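Chemist: Heads up: the sequence shown at position 214 corresponds to 1061 in the working numbering, and the numbers run straight through without jumps. Just so you know, even glycine gets a beta-carbon here, dropped at the ideal spot from N, CA and C. Being a predicted model, the structure only gives us computed values, none of them experimental.
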Amino acid sequence: MLSRSPLAVGACLVVVLTTGCGQRGPDAPASGSTLATVGDAAVSADEVMALFDPTGQDLPVRIAAGAAGGPGDEDPLEQALRAAIDDELLAHEAERQGVEGVHPAQRRSRLLDEHVRSRIGEFDEGELRGWYDDHRYLFDHVETADVRYVVLDSAAALDAVVAGLEDAETDPDALVEEYSAVEGGRLTMSHEGPEPPLMVERIVNAAKHRGVVSYDMDPATGHWWVVGIEDIALEPSPWTPELATKVEEAMRWAAEQELIASWTRSLEEEWPVIVHQENVERFERSLRGE
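Now the structure itself:
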């Protein structure tokens, strides 16, 4: 799964509220790098990859259920593809409205200023605190976490190990014995305990949700680390002006994304969206090193 850096608010929330992905194309287009078409415009694999890590702060890509910066079942690849499709729809609409700008991103931004951001009002402190309580994983640090993890020497067994860790009845020691390359098992992360492996710490700090199974490849060794979070407690952040500002930025971004999602669905009537599923599946396999 794609686990997002908790304070890279824009990077995290851009995909949280997007849903759906147009029609599923039965046949791949001539170019294997085209994942979707919007009207007569192509959405490329490079455009989708750019939305996985627009800030440079995210962990590398992983594809598994439930860790796109928060709880949910949406595949992060589909979320990023949906965001790229929305960008193309908004670019089409900006051109139709004659919005001026030196490049498409500037024209989209000016379009959103007029039709989306201007509709979002101010938030009072009660609203900010309530939103913080519901989205603490974006802001708070991990206090303790009980995890199960397996380390693989290739991506071949990823699906089997992810499924095993998602099943609470599965014995992690059996998974370790069957699949793990160098180590694995159970551990508890805490301030007082021994330091966990760096890859486990990074994945848990990115996911921050009980029940999440996430994985990532260590570029130094080529090993794949699969981590299931059995339980987790977050250390509350003191309410400060700095935190209030971060919460307001995140809340405003989420409201903006909700409005964009509604608008772009209506724009699909003007510029039909077709997702080229064969190319998407090939792209996903390449991300997993298969």
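Curious, which full-length alpha helix (DSSP H) runs of at least 4 residues does the region 943–983 contain?
Modeler: 951–962 and 972–981
Chemist: Answer yes if the region 990–1002 comes into contact with the region 1029–1037, meaning at least three C-beta pairs across the two stretches below 8 Å, and no otherwise.
Modeler: yes
Chemist: What residue from V895, T1111 and V1047 has the CA that sits closest to V886's CA?
Modeler: Sequence index remark: in the sequence shown, residue 886 carries index 39 (1-based). Reading off the sequence shown, one finds Gly at residue 886, where the question assumed Val. The shortest C-alpha separation from G886 is found at T1111.
Chemist: Would you call S1027 buried or exposed, if buried means 16 or more other Cβ atoms sit within 10 Å of its Cβ?
Modeler: Counting from 1 along the sequence shown, the entry for residue 1027 is found at position 180. Counting Cβ neighbours within 10 Å, S1027 comes out buried, since at least 16 surround it.
Chemist: Whole angstroms are fine: how far does the CA of D1018 sit from the CA of V1059?
Modeler: Taking the first residue of the sequence shown as 1, we reach residue 1059 at position 212. Taking the first residue of the sequence shown as 1, we reach residue 1018 at position 171. If you take the alpha carbons of V1059 and D1018, they lie about 17 Å apart.
Chemist: Of the choices S1133, W1071 and L882, whose alpha-carbon is the least far from that of V1009?
Modeler: Walking along the sequence shown from the start, residue 1009 turns up at place 162. That would be W1071, whose Cα lies nearest to the Cα of V1009.
Chemist: Which residue or residues does DSSP assign as beta-bridge partners of W1072?
Modeler: The sequence position of residue 1072 within the sequence shown is 225, counting from 1. W1072 has V998 and D1063 as its beta-bridge partners, per DSSP.
Chemist: DSSP three-state call for E1077: helix, strand or coil?
Modeler: Taking the sequence shown and counting its residues from 1, the one referred to as residue 1077 is at position 230. Note: E1077 maps to strand in three-state DSSP.
Chemist: If contact is defined by three or more beta carbon pairs under 8 Å, each pair taking one atom from either stretch, is the region 886–895 in contact with the region 927–940?
Modeler: yes
Chemist: Does the beta-carbon of V1120 have 16 or more other beta-carbons within 10 angstroms, so that it is buried, or is it exposed?
Modeler: As a first step, residue 1120 must be located in the sequence shown, where it is residue number 273. Burial call: buried.
Chemist: Who are the Cβ neighbours of L854 in its own chain at under 6 Å, not counting the five residues just before and after it?
Modeler: Walking along the sequence shown from the start, residue 854 turns up at place 7. With a pLDDT of only 27 at L854, under 50, the local geometry of the prediction cannot be trusted, and no value is derived from it.
Chemist: Using 9 Å as the threshold, is the C-beta distance between S1061 and A1067 below it?
Modeler: In the sequence shown, the residue the question calls residue 1061 occupies position 214. In the sequence shown, the residue the question calls residue 1067 occupies position 220. Result no, Cβ atoms of S1061 and A1067 do not sit closer than 9 Å.
Chemist: If we count Cβ pairs, one from each stretch, closer than 8 Å, do we get three or more for the region 1039–1051 versus the region 951–966?
Modeler: no
Chemist: Out of E972, E1030 and E1077, state which residue places its alpha-carbon closest to the alpha-carbon of E1095.
Modeler: Residue numbering aside, residue 1095 sits at position 248 when the sequence shown is read from its first letter. Of E972, E1030 and E1077, the residue nearest in Cα terms is E972.
Chemist: So, using beta-carbon positions, are F818 and L975 closer together than 9 Å?
Modeler: Nothing about residue 818 can be reported from this structure: the residues present for the chain run from 848 to 1137 only.
Chemist: When DSSP labels each residue in this structure, what does V1094 get in the three-state scheme?
Modeler: The sequence position of residue 1094 within the sequence shown is 247, counting from 1. Reduced to three states, the DSSP call for V1094 is helix.
Chemist: In the DSSP assignment, find the beta strand (DSSP E) that holds V1122 and state where it starts and stops.
Modeler: Mapped onto the sequence shown, residue 1122 falls at position 275. Residues V1120 to H1123.
Chemist: So for V989, helix, strand or coil by DSSP?
Modeler: Your numbering for residue 989 matches position 142 in the sequence shown. Here V989 sits in strand by DSSP.
Chemist: Take the Cβ of W1086 as the centre, count every other Cβ of all protein chains shown within 10 Å, and call the residue buried at 16 or more, exposed below.
Modeler: Residue mapping note: residue 1086 aligns to position 239 of the sequence shown, counting from 1. Exposed, since its Cβ has fewer than 16 Cβ neighbours within 10 Å.
Chemist: With DSSP as the reference, label T1087 as helix, strand or coil.
Modeler: Position 240 of the sequence shown holds residue 1087. Correct three-state label for T1087: coil.
Chemist: State the DSSP-derived secondary structure class of G1011, mapped to helix, strand or coil.
Modeler: Here residue 1011 refers to the residue found at position 164 when the sequence shown is read from its first residue. Three-state result, G1011: helix.
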